[in-house]
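Q: Sharing a structure, written as structure tokens. Questions coming.
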Amino acid sequence: MSTQHFQTRFKTLLQREWMQHHKGWLIAMLALPLIALLALPFGGVQIGEAKDLPPTESVGAIMAATMLAVWGITLLMTGFSLPGLARRDHQDRSIEFWLSLPASHSESLIATLFMHTIFVLVLALGVGLCVGVVMALAITLKLGGFVVWTQVSWYQLVLPALAVLARMVLGTVLFTLWMAPIFMSFMVAAAWLKRWGVPAVVTAVVTVGVILHKVYLNPIVWTLLAEQVQGAGSAFFDAMHLIGEEEAAKIEIRGVADVLNWAGQDAAAALAQTASPHFVGGLVVAAICFGLLILHRRNSH
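Okay, structure coming up:
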């Protein structure tokens, strides 16, 4: 019975976050693609190397680029909004809401973090893929007319698109875990120091990093930050580091089997990278920050 009650409470917390933020999320995801589609008839189209690909591969490249663009915009939006969530709970009486369920501080915080990190970023991938299909249709129509549509093997794009989507969904989860110590530090600082929290953290990190690097010749702060960010980036996409390497190190993706093979191998490489002291240490820091957030909420309510 207690498990059922927990599931009901947690679902209610998730629904509340969705009802409160879904319009803003969808607007942020759709605004730029819609503007691009509206401007398409009046301007030129620059798709880089994709224009030299066969029609099917070109459409796939446009879909992937659109999906990444929507995901990136959503990441920026959530990155700016996360630190303010700690103060929001006091300003809009969120704490009173979840205590009335009754739900614990940890349950409410987990629900908030899940919706504003993993959920919204995975949603962005799905929206980006759907918008990417429309964008690909519009761009190919502008560049080659209806004749190009008949040259595209649309059914051959289904499995590769789903494979890339699945790889990026896994990548989003791992990306969030890699970046957890950074955004959790900002959230803790914003909770305890309010509007001065984020500037205080940035100032402290930069000051300590510069002193250690310039005075003691120890760039440990920059090294740790670089490892965390690089780990997050490769966890999301290209864990095998094929992009930008020598031609001999690249794999040729020419068919469905190649894409599926790449997605599986890259996902395995991303998971293998979690056996890193930087990843584990980051989770420890994130857990400490989570505890400090819970402590702050208990003390302030």
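For the sequence shown, the numbering used here assigns the number 36 to the initial residue and increments by one for each residue that follows. Glycine included, every Cβ here is placed at the ideal spot set by N, Cα and C.
#1: Among the candidates 193, 104, 232, whose CA atom is the shortest distance from the CA of residue 220?
#2: Does the Cβ-Cβ distance between residue 210 and residue 270 come in under 7 Å?
#3: Using a Cβ-Cβ cutoff of less than 8 Å, which residues in the same chain neighbour residue 273 once the five nearest sequence positions on both sides are dropped?
#4: So residue 156 packs on residue 101, CB below 8 Å; how close in whole Å?
#5: Fully enclosed by the stretch 166-226, which alpha helix (DSSP H) runs are 4 residues long or longer?
#6: With 16 other CB atoms within 10 Å as the buried threshold, where does residue 57 fall?
#7: Would you call the stretch 139-149 and the stretch 91-111 touching, i.e. three or more CB-CB distances under 8 Å?
#8: Can you find the residues in the same chain that come closer than 8 Å, C-beta to C-beta, to residue 283, ignoring five residues on each side of it along the sequence?
#9: Could you tell me the boundaries of the alpha helix (DSSP H) in which residue 274 lies?
#10: Which of helix, strand or coil does DSSP assign to residue 69?
#11: Mind checking residue 107: buried by the 16 CB within 10 Å criterion, or exposed?
#12: Do residue 304 and the ligand FAD come close, with the Cβ less than 6 Å from some heavy atom?
#13: Going by C-alpha to C-alpha distance, which of 257, 234, 166 sits closest to residue 245?
#14: Count the other CB atoms within 10 Å of the CB of residue 89; is the residue buried (16 or more) or exposed (fewer)?
#15: How about residue 328 and residue 215: do their beta carbons lie closer than 7 Å?
#16: Can you say whether residue 113 is buried or exposed, counting buried as having 16 or more other CB atoms within 10 angstroms of its CB?
#17: Can you tell me the Cα-Cα spacing of residue 333 and residue 234, whole angstroms?
#18: Taking residue 205 as the reference, give the member of 168, 185, 160, 238 with the closest Cα.
#19: Buried or exposed for residue 310, please, with buried defined as at least 16 other CB atoms from any protein chain shown within 10 angstroms of its CB.
#20: Quick one: using the 10 Å Cβ neighbour count with 16 as the cut-off for buried, is residue 59 buried or exposed?
#21: Can you look up residue 235 in the DSSP assignment and give me helix, strand or coil?
A: Inspection of the coordinates gives the following:
#1: 232
#2: A contact, by the Cβ cut-off of 7 Å.
#3: 301
#4: Between residue 101 and residue 156 the Cβ distance is about 15 Å, and since that is not below 8 Å, they are no contact.
#5: 181-186
#6: exposed
#7: no
#8: Residue confidence is low: residue 283 scores 37 on pLDDT, short of 50, so the model does not pin down where it sits. Its coordinate-derived value is still stated next. Cβ neighbours of residue 283 beyond the five flanking positions: none.
#9: From DSSP, residue 274 is part of no alpha helix (DSSP H); its letter is neither H nor E.
#10: helix
#11: exposed
#12: Of the ligands one can find in the structure shown there are none, so the ligand FAD has no counterpart to examine.
#13: 257
#14: exposed
#15: no
#16: Burial check for residue 113: the Cβ neighbour count within 10 Å reaches 16 or more, so the residue is buried.
#17: 25 Å
#18: 160
#19: Counting Cβ neighbours within 10 Å, residue 310 comes out exposed, since fewer than 16 surround it.
#20: exposed
#21: helix
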